[in-house]
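With the sequence shown counted from 1, adding 9 to any position gets you the working numbering. Glycine included, each C-beta is placed from N, C-alpha and C at the ideal position. For reference, the structure discussed in these notes is given below.
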Amino acid sequence: MTGFVQKTGFFMTNIAIFASGNGSNAENIISYFSGSSTIRVTLIVSNKEEAYVHTRAKALEIPSCTFSKAEFDGGVPVLDALRRYDIDFIVLAGFLLKVSQPLLDAFPGRILNIHPALLPKHGGKGMYGDRVHQAVVDAGDTESGITIHYINENYDEGDILFQATCDVLPTDSADDVAKKVHELEYLHFPEVIEKALKKAFPLSDGDR
Ligand code: GAR
């Protein structure tokens, strides 16, 4: 645990959210923890300068930064930033790059991802956002949902922590499925993160 805040005597767990695009999940997670005295979102990290998540971060007064793919792959500049902000845990919320080995090594069991389908279906390289919902519709699936999982060195693998489902009707478009899936994400992702943090940092449990 790095983020010890002496002033209050509480352990503060610092989260970095990695996001490549819109950032509606990032904003929802920031809002959820905004009243917490023990958990906070301290940094937004992106691989896209123009991602709307930066605009959200600015409005919410959370620092945000961008790194190139090469910097993510090498790891050093990203790890420096994470150290500067005393980051304890990483949440991927619509982050489209594969997380490199140096980051995996620095945060073992401390990087959580959300995927907008029921893994192991409709996962893997190139499967993100609307492409996933279109694949669900094209496959004629009668349900979809969300998967929240720890990550490993492969896309959309790693231990699954939580899944929730929604119906897919024969008349549903990919947009319709996206709306249902987003609702599930907003409802469940922050609580699942909170539970994962309690598991990752059991010593600070009494302080929460
Ligand atoms: C979310 O639906 C998330 O599950 C998905 O991207 C969307 C980001 O939305 N992630 C992936 O597809 C990763 N494979 P947001 O930027 O509005 O939070």
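Within the same chain, Cβ atoms closer than 7 angstroms to the Cβ of ALA205 are found at LEU121, LEU170, the five residues on either side in sequence being excluded.
Residue pairing from DSSP leaves GLY138 without any beta-bridge partner. Not a single heavy atom of the ligand GAR lies less than 7 angstroms from the C-beta of PRO211. Under the DSSP assignment, VAL87 falls in the alpha helix (DSSP H) whose first and last residues are 85-93. ASN23 sits buried, since 16 or more C-beta atoms from the chains shown fall within 10 Å of its C-beta. Inclusion of PRO125 in the 7 angstroms shell around the ligand GAR follows from its C-beta lying nearer than that to a non-hydrogen atom of the ligand.
Distance from the Cα of LEU88 is smallest, within the candidate group HIS191, GLU203, SER109, for SER109.
The ligand GAR approaches GLY30 closely enough that one of its heavy atoms is under 7 angstroms from the residue's Cβ. DSSP places ILE39 within a helical segment (H, G or I) once states are collapsed to three. If you check the C-beta of HIS131 against the ligand GAR, you find no heavy atom less than 7 angstroms away.
In this structure, DSSP gives ALA102 a state outside helix and strand, which the three-state scheme calls coil. SER55 carries a strand assignment under DSSP once its states are collapsed to helix, strand and coil. Residue state for GLU194 is assigned as helix, using DSSP reduced to three classes. Residue state for GLU152 is assigned as strand, using DSSP reduced to three classes.
For HIS158, the three-state secondary structure derived from DSSP is strand. Annotated as proximal: LEU127 and GLY154, with beta-carbon spacing under 8 angstroms. Under DSSP, ALA25 shares a beta bridge with LEU52, ILE99. Annotation for ASN56 indicates a beta carbon at 7 angstroms or more from all heavy atoms of the ligand GAR.
Under the three-pair Cβ rule at 8 angstroms, the segment 35-49 does not count as touching the segment 78-96. In the three-state reduction of the DSSP assignment, HIS124 falls in the strand class, which pools E and B. According to DSSP, SER73 shares a beta bridge with ILE53.
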